[in-house]
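Our numbering numbers the first residue of the sequence shown as 2 and each following residue consecutively. Glycine is no exception: its CB is placed at the ideal position from the N, C-alpha and C atoms.
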Amino acid sequence: MLNPLVDTRDVKFVVFELLELDKMTKYPAFADFDHDTFDATIDLAEQMAVEVFFPTAEEGDKIGVKWDPVTKAVKIPEIFKPALDKYYEAGFMGLTDHPEDGGMGMPNLVGAAASEYICAANYCLGMYPGLSHGCMEMLFTHATEEQKRMYGDKIMSGEWGGTMCLTEPEAGSDVGNLKTKAVKQADGTYKITGQKIFISSGENDYYSNMIHPVLARIEGDPKGTKGISIFIVPKYLVNADGSVGAFNDVTCSGVEHKMGIHGQATSQLAFGDNGNCVGYLMGQERQGMKIMFQMMNFARNGVAIQGHGNASAAYMHAVTYAKNRYQGADVTQMLNPDAPLVTISKHPDVKRMLLWMKSHLEGQRILCYFLFKNIDMTHASSDETEKAEAQGLVEILTPICKAGCTDKGVEITSMAMQTYGGYGYCKDYPIVRYMNDSKILAIWEGTNGIQSMDLTMRKILMNKDQFNYKAMTKRMHETVAKAKGIVEDKYLELFTEGLKELDELIEMLKQQMATGKFLNLFMHGSMTVTIPKMKELVGDAKGADRDAILNDNAEAAFYTGKTLSSQFYLGSEFPKFFGRARAIKFNEGAPIKATDAVFTGALAE
Ligand SMILES: Cc1cc2nc3c(=O)[nH]c(=O)nc-3n(C[C@H](O)[C@H](O)[C@H](O)COP(=O)(O)OP(=O)(O)OC[C@H]3O[C@@H](n4cnc5c(N)ncnc54)[C@H](O)[C@@H]3O)c2cc1C
């Protein structure tokens, strides 16, 4: 199968060789699985992505969603529907969920790999089951047994969909400022009134009912996040026998017109315009933020994979284009008018762009998959120390992966466009779509500025004894120790110097409790595995002999490619960290001193 989306050899390398997924079967939670099942599941996700999801991406983007102002209904692209059917039929919805809830109980690490394929193929389409999954998981974790079976099971089967409803016109990053109101009724239900905006999949014609988890304040409860509760608000009420009943006064007042993800039904929802919207409390009163945040943390990891997968597809397209586009002569013959044309992949600057994208994507893949493996460890392991450390890693890596992969995702898609030249800017090629779709990922699920504050303040400075940070740097030091004698000393020294610098920064910030941006620091630890393999396969061959081996032996090329991209990252990208560290240490106070008046001329308000 021709896969223009994700480097499957690298996915398998990270999952099986680096993170040693097969060893997870020693835990009772995963004892029923084996290597072949994991491998076949990843292959199935690849097939689903390439053959079912990817062919819908261009048309879905072109057609977009349509809102009817009379019926208030939203039509999603017709081409999406059979693809969604196939996704549910193949069982991807419950891949990692607990078997008691109808899931397959696979490791989240497998789920991460499967998601990367789906996101690379068409993450806009993947959001319909993605949001539904988040809602379902929230129900399975916090709802009553009756609610789980009434709503959760129907979401698992794909009959109904789910959303997450936090944002309001005046409550975006500051969720605590929301105005949606809940009034308790004599029968224990609540009357909900309010407006939510930007609600992904909010209204659509695929699912026969929508289940909205809605954040609202019960009349009389305190201001701010402490006074927020969460309610299950179905679009249609559900009869005792589980069938769809009366309309629950949830109206779509429009869809957003966006830069990208045109096939996503990003909706404005009005709850209770006619005073008839019923909500059912999930969990306890005033526990809304706690419940929603559990889901959001997992969703943030999903956004990291969206950013990574979308960028992966842009890179893969750029590589294919660069290998086939003839333009100019080889740099050694640039003054010879009779020199044969070469493909742009031979030009040093194009190689630099490709290697830049490859090195970031491979690092991201390791980091994200490592995060998901640690999520598995938090519940599979029975060793309390191991579990605590895994939890610490999950906490610190969540904002790092969310912001790191999505900010870099924007840069990678932009670099992919640069690789194409003018054709990349035109809609005949898919790079415009990848670039347009990349930006929102840095904004939703907590903007990347909010992630930066979460990382610095909550996950590091306010974390007791900086446990999370130490769990992460312990792994980094272990990696350096393992790499001794395998990776050239100059790379290890550079990285160790970076770790020392980072420790100093944390110390300084602890003194000042200031915030700073130092996301995206990680090492290409895979070199400890790739270099010995490369040496085994390529030996001491040089020049034309080496090129011949790389052309003939795909495995030799793979391990050499990975070693080179890691070296490129460490030698060419990592040193930029020292500049950033210096900037944080300099502690420039201008942003604090700047008031509204300084940003514009006298006439601007
Ligand atoms: C396409 C799309 C889909 C979405 N899907 C959903 C969904 O399904 N459900 C849902 O509930 N919401 C959804 N959202 C909403 C999204 O999560 C919010 O847009 C986001 O949280 C930011 O809120 P805001 O737009 O009000 O921006 P603001 O909060 O106004 O932020 C504007 C800028 O100010 C910065 N800022 C704000 N507060 C602070 C602070 N205290 N300190 C430092 N900087 C700050 C932000 O980082 C940002 O750069 C979606 C949005 C879009 C565009």
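Asked	Found
Nearest by alpha-carbon distance to Gln-392: which of Tyr-426, Ser-573 and Lys-471 is it?	Lys-471
Considering Cα atoms alone, identify which of Gly-308, Gly-159, Met-94 and His-213 is closest to Glu-446.	Gly-308
Can you tell me whether Asn-277 is helix, strand or coil according to DSSP?	coil
State the Cα-Cα distance for the pair Gln-288 and Ile-229, rounded to the nearest angstrom.	7 Å
Classify Asn-521 as helix, strand or coil using the three-state DSSP reduction.	Residue placement at Asn-521 is poorly supported in this model, since its pLDDT is 46, which falls under 50; the coordinates still yield a value, given next. Three-state DSSP puts Asn-521 in coil, outside helix and strand.
Closer than 8 Å to a non-hydrogen atom of ligand 1 - does that hold for the CB of Asn-311?	no
Decide if the segment 373 to 391 is in contact with the segment 338 to 346; the criterion is three or more beta carbon pairs, one per stretch, under 8 Å apart.	no
Rank Val-66, Lys-149 and Lys-227 by C-alpha distance to the C-alpha of His-258 and give the top, closest one.	Val-66
Looking at the unbroken beta strand (DSSP E) that takes in Ser-573, where does it start and where does it end?	Per DSSP, Ser-573 belongs to no beta strand (DSSP E) and is neither H nor E.
Need the endpoints of the alpha helix (DSSP H) that Cys-253 sits in, please.	Taken as a continuous stretch (DSSP letters only), Cys-253 belongs to no alpha helix (DSSP H), being part of the beta strand (DSSP E) at 251 to 256.
Taking 9 Å as the threshold (C-beta atoms), are Gln-265 and Ser-201 in contact?	yes
Within its chain, find whatever has a CB closer than 8 Å to the CB of Cys-89; leave out the 5 residues flanking it on each side and keep chain order.	Note that residue 89 corresponds to Tyr in the displayed sequence, not to Cys. Hits under 8 Å: Pro-130, Ser-158 and Gly-159.
Using only alpha-carbon positions, find the residue among Lys-347, Asp-250, Ser-133 and Phe-272 that is nearest to Gln-334.	Lys-347
Taking 8 Å as the cut-off, is the CB of Gly-195 close to at least one heavy atom of ligand 1?	no
For Val-12, collect the residues of the same chain with a Cβ closer than 6 Å to its Cβ; drop the 5 residues on either side in sequence, then sort them by chain order.	Ala-114
Let me know the alpha helix (DSSP H) ranges lying completely inside the segment 387 to 474, each 4 residues or longer, listed in chain order.	423 to 426, 432 to 439 and 449 to 454
Report yes if the C-beta distance between Ile-432 and Ala-319 is below 9 Å; otherwise report no.	yes
Could you round the C-beta distance between Leu-6 and Ala-50 to whole angstroms and report it? I think they count as a contact, below 8 Å.	6 Å
Measuring only from the beta carbon, is Met-454 closer than 8 Å to any heavy atom that is part of ligand 1?	yes
Report, in whole angstroms, the separation of the C-beta atoms of Val-239 and Leu-270, which I expect to be a contact under 8 Å.	Val-239 to Leu-270, Cβ: 18 Å. No contact.
Tell me which residues share the same chain as Glu-396 and place their Cβ nearer than 8 Å to its Cβ, disregarding the 5 neighbours each side in the sequence.	Lys-460, Asn-464 and Asn-469
Measure the Cβ-Cβ separation of His-134 and Gly-106 and say whether it is below 9 Å.	no
Whose C-beta lies closer than 8 Å to the C-beta of Tyr-207 among residues of the same chain, with five residues either side of it excluded?	Ile-77, Phe-81, Lys-82, Leu-85, Tyr-129 and Gly-162
Between which two residues does the beta strand (DSSP E) harbouring Thr-194 extend?	191 to 200
My understanding is that Glu-169 touches Lys-180, with C-beta atoms under 8 Å, so please give their C-beta distance in whole angstroms.	6 Å
Suppose you measure from the CA of Pro-533 to the CA of Gln-285; what does that come to, to the nearest Å?	55 Å
Ignoring anything shorter than 3 residues or poking outside the segment 36 to 95, list the beta strand (DSSP E) runs there in chain order.	none
Taking 8 Å as the cut-off, is the CB of Lys-259 close to at least one heavy atom of ligand 1?	yes
According to DSSP, what are the bridge partners of Ser-230?	Ala-217
Kindly indicate which three-state DSSP category Tyr-370 falls into: helix, strand or coil?	helix
If we count the other Cβ atoms within 10 Å of its Cβ and call it buried at 16 or more, is Tyr-118 buried or exposed?	buried
Helix, strand or coil for Thr-168, going by three-state DSSP, please let me know.	coil
Going by C-alpha distance, which of Tyr-424, Ala-217, Glu-489 and Ala-484 is nearest Met-283?	Ala-217
Helix, strand or coil for Gly-163 per DSSP?	strand
I think Glu-47 touches Asn-4, with their Cβ atoms under 8 Å apart; what is that distance to the nearest whole Å?	6 Å
Please tell me whether Phe-496 has its Cβ less than 9 Å away from any Cβ of chain B.	The structure shown contains no chain B, having only a single protein chain.
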